[in-house]
Amino acid sequence: MFNMNYPCIFTALAGILLASCDKNEPMSKEQAALEAQFIQGNEEMGNLDAELAQGTNTTDLNLLEQQHVEWVKYNAAIEQALAGLSKKCTQGDDLLKKVHSKLDAYKALNAQ
Amino acid sequence: MLTSPKFWLLVVIGGGLGGYFYYDHTTKLKASELAVQEVTSRLASQRSFIAQKKAFLHQRRDTMEKNQVLLKAKGILDKRLEKINADLAQNTDSFKMAVENARSSAAGKELGDFTLTNGKLVRSAKIRKVDESGISLIYADGVGTVTVDLLPENLKEKYDLGANALIPKLIAAVTAFKTSPPEAALKPKSTTSDTTLPETAKAQAPATPSVTTTAPAPAAGASFDAGCLIIIKTDHGSGSGFIAQVNGKTYVYTNAHVICGTPKSFTSKIESIKTASGRNIPIPYEIELSNTYDPNSSNGLEDVARFPVTLKEGETSYALVDTNFSIAVNQRVTAYGNSLGGDAVTSLEGAVLGLGSDRIEISCQIVPGNSGGPVVLTDTKQVLGISTYLDSGKSDIWTRGTVFENVRRFAVRPDKVTKWRKMQYTSLMSSLAELKAFHRDTLTLAAACYLDPKPNRGGFDIPSRPRGDYIIRQVIVDGSRFTLGAAISNGIAKVNQRLGFSKGTMAITQVVPVFAEFFASVAQTSSSQISMLSNADRAPYMKQFIPELLEIRKTVHANFLNEGATRYR
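So this is what it looks like as C-alpha cells:
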C-alpha cells in the first residue's frame, strides 16, 4: 500500500518543489525597486517643474516652448539691434575723428 | 502494481496536485512579469519626459543667459553711442566757438593788398568786422563790405564763410547722425519664418514673452529711454515706475499700491528699485503719497506715489502733461512697464478710449506688473497717465456682445494730484506692519472664539480642529508674535495655570471669575486697538484699508464677547 503511494507523493512533491523555486519573490523585489525609482523620478520631475515654473506660473512644456521661441526671437532682435548700434557707433567714431581733425586744422590756420 | 486501479488513482491525484501547483505558480509569475513590464514602461516614459524637460531647461537657461549678455552688450553700446553724441555736440560747440573767436578777433587786422574773385584789387585793407554776410573793410579807396561770394578762398576758409563753410556742414552731419536710426546690419539669426517683428522694434526690447494666450503682443515700435523707466520689486510683488521732472525737481513716480501693497497683501519691504537700463536707485528715505482722495471714486488719485531721485549726467526724464491738457478720445498713447513682473520693460501701444476727471481708459494691453508705469502720448512723449488698474468686465444681458464684457484698463492722471503727504520710508513700512499685525490679531481673536472649557472646567482646551482653512491651535500659537495674539496666548496660559490644579470637576463659582477676567482683559486690548486704528491719521491709500479691517475686527470682537458671556457661565 505504502509503495503504491510513492508516485503520488513524488508527483505532488515535484509540483511543490517546482512551485517553491519561487521566481515570484525576485520579481516582486524588482517591481518594488522599479516603483521606488518611479517615485524618485516623480520627485525629480517635481523639482524640474518647480524650476520650469519659475516666473511663468506654468509647467506646460508646450506653452513654455512657445515662450522660449519668443525669447529666441527677442534675442535675435537684440542681436540685430546690436549690430545696428555697433555700426552706428563706428560711424560716430569716424565722424568724431573727422570733426577733430577739421577743428585742429581750423585752429592751426587761425593760429598763424 | 500497474494493473492496480488504486495505483492509477493515486497517479491521477498526484498528477492533478502537481499540475495545480504548476498552474498556480505560472499564473502568478505571469502576473508579476506583466506588472514589472508595466512599471518598466512607465519608468521609461517618465525618464524620457525628464530628459525632455532637462534638455528644455538647459536650452532655456542658455537662452536667458544669452539674453542677459545681449542686454548688457546693448547697454554698453547705448552708453557708447550716448557718449559719442555728447562728444559730437561738444566738438561742434568748440568749433563754433573757434570760428566766433576768429571772427571777433579779426577786427583791426591788416590784410594788405588782395584781389577779389571779380578781379578787382583791394589795397591796404584792414578788417572792421566779419559776419555771415561778408567782411567789412577799411581800404585805400574808402570803407565797404565785401560780400562772401567776392572774397578770396583763403579768407573764406579763415573765417568759415561761404558755401564751403564747415560749421553748417558739421551741424547737418551731426544732426543726421543723431536722428538716423541704427541700421540693422545682420539678418535675424532665428530660424523661424516669423516676420511679424516690426523693423523699429528690432532696436529695442519687445514685450516680455508670456505663456498666456491673452498676453500682450510684442511692442509695435515706440522707442523709449530705458534710463527713465523703473522696475520696482517688493516682498509682495513687482511693479513699474518712471522718472519725471516736475517744477524743476526730479521724482520716481509709481502707484501707491506698488509700494504699499493691497488690502489683501501689505508690503513690508521694498527689495529693489532699478532703471530698465540697470542703474540701482537707492531705497528712498522719504516717500510722498498722494493726499488727494475722492471717497466716491475708488482706484483714483490716492493710488499715486513718488519720491525724489537725482539724475546722473546724460540721464533723461519725462515731463507730465499740463493739468489743463486737452485729451481727445482715440489719441495715440504708449504704456511702458514691467509686464507680469518679467523684469523687462515692454512697450504697449494703444489709444485713449475714455476720459475721466482723474483717470483715462486705455486700450494698451497692460497687465499686472505694469502698475506704476507711464502712459505716454505717442507724439510728444509726455506722460498722460500711470497704469493703475484693470476691471474684469461684466457679462450680463446688457453687456453681452459689447466690449464691456472684456477686461478694461485704466490709468490715473498724476498731473491731477494736488496734495502730497510726505512719509519717511521707515514710518511708512511700520504703518503697513501695524495694519498687517492688526489683521493678524483679528485672525487670532477669531480663533480664540473657538476655545473650549476643559470638561472639569480646569482651564481652556485649545482645539486642534480645523476651522475654515486654518487650525485653531496653530493660529493661536502663531499669533502670539503680535500684541493681541500675545495677550490671548498669555491669558490662556495664566487661566490654565490658575485652574489646572483641579483633578475633579471644579465648581462654577470658582471658575467664572477667572474666565471672565481673561475675556475682559483680551477684549480691552482689542478695544484699544480698534480705537487706535479708528483714530489713526494716514494717507488716503492706506486709510481706505482701515474700514474693512475694522469691520471684520468689530464682528469678531462681538463674537468673542458673546462666547465669554455665554459659554463660560
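Residue numbers (the working numbering), protein chains in the order written: chain B, 43 to 154; chain L, 11 to 579. For glycine and all other residues, C-beta sits at the position ideal for the given N, C-alpha and C. The model shown is predicted, which means the values in this text are computed figures rather than measured ones.
Checklist entry - Expressed to the nearest angstrom, what Euclidean distance is found between the alpha-carbon atoms of A338 of chain L and V427 of chain L? => result Looking at the two C-alpha atoms, the distance is approximately 20 Å.
Next on the checklist: Using the three-state DSSP reduction, which class does G29 of chain L fall into: helix, strand or coil?
Outcome noted: helix
Checklist entry - Quick one: Cα of I482 of chain L to Cα of A457 of chain L, how far? => result Straight-line Cα distance between these residues: approximately 5 Å.
Checklist entry - Applying a beta-carbon distance threshold of less than 8 Å, which residues of chain B neighbour K106 of chain L? => result Those within 8 Å of K106 of chain L in chain B number zero; the least Cβ separation is about 10 Å.
Checklist entry - Using a beta-carbon distance below 9 Å, is H581 of chain L in contact with chain B? => result One cannot answer for residue 581 of chain L here, as it falls past the ends of chain L, which runs 11 to 579.
Checklist entry - Thinking just about the alpha-carbon of each residue, which of L:L494, L:V156, L:I240, L:P557 is nearest to the one in S349 of chain L? => result It is L:I240.
Checklist entry - How big is the Cα-Cα spacing for A150 of chain B and L176 of chain L? => result Rounded to the nearest angstrom, the two C-alpha atoms are 15 Å apart.
Checklist entry - Can you give the Cα-Cα distance for D97 of chain L and V184 of chain L, rounded to whole angstroms? => result 10 Å
Item to check | Host alpha helix (DSSP H) of T6 of chain L (start-end) | outcome: A question about residue 6 of chain L goes unanswered here, because the residues of chain L that appear run from 11 up to 579.
Item to check | Short-range partners of chain L found in the stretch 78-108 of chain B, where Cβ spacing is below 8 Å | outcome: Q79, F80, G83, N84, E86, M87, L90, D91, E93, L94, G97, T98, N99, T100, D102, L103, L105, L106, E107, Q108
Checklist entry - Among residues of its own chain, excluding the 5 on either side of H267 of chain L, which ones have a beta-carbon nearer than 6 Å to its beta-carbon? => result D313
Checklist entry - With 16 as the cutoff for other CB atoms within 10 Å, does H68 of chain L come out buried or exposed? => result Exposed is the call here.
Next on the checklist: I need the boundaries of the beta strand (DSSP E) containing W430 of chain L, first residue and last residue.
Outcome noted: According to the DSSP assignment, W430 of chain L belongs to the beta strand (DSSP E) that extends over 430-434.
Item to check | Local Cβ density within 10 Å of G574 of chain L, reported as buried at 16 or more and exposed below that | outcome: buried
Item to check | Contact under 9 Å by Cβ, G469 of chain L with Q507 of chain L | outcome: Closer than 9 Å, so yes.
Item to check | 8 Å Cβ cut-off: residues of chain B touching K580 of chain L | outcome: Nothing about residue 580 of chain L can be reported from this structure: the residues present for chain L run from 11 to 579 only.
Item to check | Proximity test, Cβ basis, 9 Å: L400 of chain L and chain B | outcome: Cβ-Cβ to chain B under 9 Å: no for L400 of chain L.
Checklist entry - In terms of residue numbering, what span does the alpha helix (DSSP H) encompassing N117 of chain B cover? => result 103-153
Checklist entry - What are the boundary residues of the alpha helix (DSSP H) that L494 of chain L is part of? => result 493-509
Checklist entry - For L87 of chain L versus L127 of chain B, is the C-beta spacing smaller than 9 Å? => result yes
Checklist entry - Taking Cβ to Cβ, would you say I376 of chain L is nearer than 9 Å to L394 of chain L? => result In this structure, I376 of chain L sits away from L394 of chain L, with a CB-CB distance that is not shorter than 9 Å.
Item to check | Distance between beta carbons of A361 of chain L and V385 of chain L, contact taken as under 8 Å | outcome: For V385 of chain L against A361 of chain L, the beta-carbon gap comes to about 11 Å, at or over 8 Å, which does not count as contact.
Item to check | Rounded C-alpha distance that separates H142 of chain B from V413 of chain L | outcome: 60 Å
Item to check | Where K144 of chain B meets chain L, residues with beta-carbon distance less than 7 Å | outcome: In chain order: L176.
Checklist entry - Under the three-state reduction of DSSP, which class applies to F105 of chain L: helix, strand or coil? => result helix
Item to check | Through-space distance from C238 of chain L to K322 of chain L, alpha-carbon basis | outcome: 11 Å
Checklist entry - Which of helix, strand or coil does DSSP assign to I562 of chain L? => result helix
Checklist entry - From the DSSP output, which residues share a beta bridge with G122 of chain L? => result L:A135
Next on the checklist: Distance check for M542 of chain L and E75 of chain L, CA to CA, integer angstroms please.
Outcome noted: 51 Å
Item to check | Inter-residue Cα distance where the pair is V140 of chain L and R113 of chain L | outcome: 5 Å
Checklist entry - Taking 9 Å as the CB-CB limit, is G24 of chain L close to chain B? => result yes
Item to check | Per-residue contacts from N101 of chain L into chain B (C-beta, under 8 Å) | outcome: L138, V141, H142, L145
Next on the checklist: Check this for me: beta carbons of K82 of chain L and G288 of chain L, under 9 Å apart or not?
Outcome noted: yes
Checklist entry - Which residues mark the beginning and the end of the beta strand (DSSP E) in which D401 of chain L is found? => result 393-401
Item to check | A56 of chain B: contacting residues in chain L (beta-carbon distance under 7 Å) | outcome: G28
Checklist entry - Along chain L, which residues have their Cβ under 9 Å away from the Cβ of K130 of chain B? => result L87, L91, I94, F187, S190, P191, P192, E193
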